[in-house]
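Student:
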Amino acid sequence: MSGDVRRILVVQLADIGDLVLSTPALAALRAAHPTDHLALLTTRHAAPILQDAGLVDELLLFDKHAFDRLSALARPRSLVAAIRLAARLRRGRYDAIVFLHHFSTRFGALKFAALAWSAASPRRLGLENGRGFFLTERILDDGFGAKHQAQYWLDLVGLLGVDSTPRPARIGIEEASTHLPPRTARRRVA
3 MSGDVRRILV VQLADIGDLV LSTPALAALR AAHPTDHLAL LTTRHAAPIL QDAGLVDELL
63 LFDKHAFDRL SALARPRSLV AAIRLAARLR RGRYDAIVFL HHFSTRFGAL KFAALAWSAA
123 SPRRLGLENG RGFFLTERIL DDGFGAKHQA QYWLDLVGLL GVDSTPRPAR IGIEEASTHL
183 PPRTARRRVA
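Per this note's numbering, residue 3 is the first one in the sequence shown, and the count goes up by one each step.
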């Protein structure tokens, strides 16, 4: 990665499993740039799996489901949340923003374009499937199942000069695991 990229925002607003499949790319970014600031914009329900993983410096939370319809912006609470997120992304002064998403729908692509505009990052990386008009760097999206999802994301961060060699997924659930009952106390079913 070039020396001018010191602050990276990764966007993964899907479900927990999708975030797990993103961890090899996050680990590759962290390994290549241990002192650079790496932020992740994700959902509140997915974030805990990375809390103790040491992969990112900052977790930004966003309720993407609140914006599944354009009419959401008519609700004052949603509009205020969108404005606050936009301001926070702008203050982040990210050198690059990486979208770990297939832009499956036009409306979805527009939401990600709004995030890109808000962050004002000079480098905007993502998959190209005809809807990535806001990207500055892209790799071809051959569609779901064309290659392993984790490899898509590794190839994408490879555009930043990061090693895209496959690696295992990594999660950090140490804190959550302390709330589980002892193994001997677990009730067996079956």
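For each residue, glycine too, the CB sits at the ideal point set by N, CA and C.
Enumerate, from N- to C-terminal direction, the unbroken alpha helix (DSSP H) stretches of 4 or more residues contained entirely within the segment 45-73.
Tutor: none
Student: Identify the residues that DSSP records as bridge partners of R226: which are they?
Tutor: With the chain running from 3 to 192 in the structure shown, residue 226 is simply not present.
Student: Do you know offhand how far L117's Cα is from V164's?
Tutor: Using only the alpha carbons, I get a separation of about 23 Å.
Student: Express the C-alpha separation of D59 and A121 in angstroms, rounding to a whole number.
Tutor: Between A121 and D59, the C-alpha separation is close to 17 Å.
Student: Could you give the first and the last residue of the continuous alpha helix (DSSP H) run that contains V159?
Tutor: Q151 to G160
Student: With a threshold of 8 Å on Cβ separation, who are the neighbours of I10 within its own chain once the five nearest residues in sequence on each side are excluded?
Tutor: L31, H35, D38, H39, L40, A41, Y96, D97, A98, I99, V100 and L162
Student: For my contact list, R126 and T107 are in at a C-beta cut-off of 8 Å; report their separation, rounded to the angstrom.
Tutor: Actually they do not touch by this definition, with Cβ atoms about 19 Å apart.
Student: I need the DSSP call for G19, collapsed to helix, strand or coil.
Tutor: helix
Student: Assuming A276 contacts A76 under a Cβ cut-off of 8 Å, what Cβ separation, rounded to an integer in Å, is found between them?
Tutor: Nothing about residue 276 can be read from this structure; the chain reaches only from 3 to 192.
Student: Tell me whether the beta-carbon of V12 lies closer than 8 Å to the beta-carbon of L102.
Tutor: yes
Student: Closest to P168 by CA distance: which of V7, G19, A29 and A16 is it?
Tutor: A29
Student: Over what stretch of residues does the beta strand (DSSP E) that includes G128 continue unbroken?
Tutor: R125 to E130
Student: Taking just the CA atoms, how far does P78 sit from G19?
Tutor: 31 Å
Student: May I ask you to report which of helix, strand or coil DSSP gives L102?
Tutor: coil
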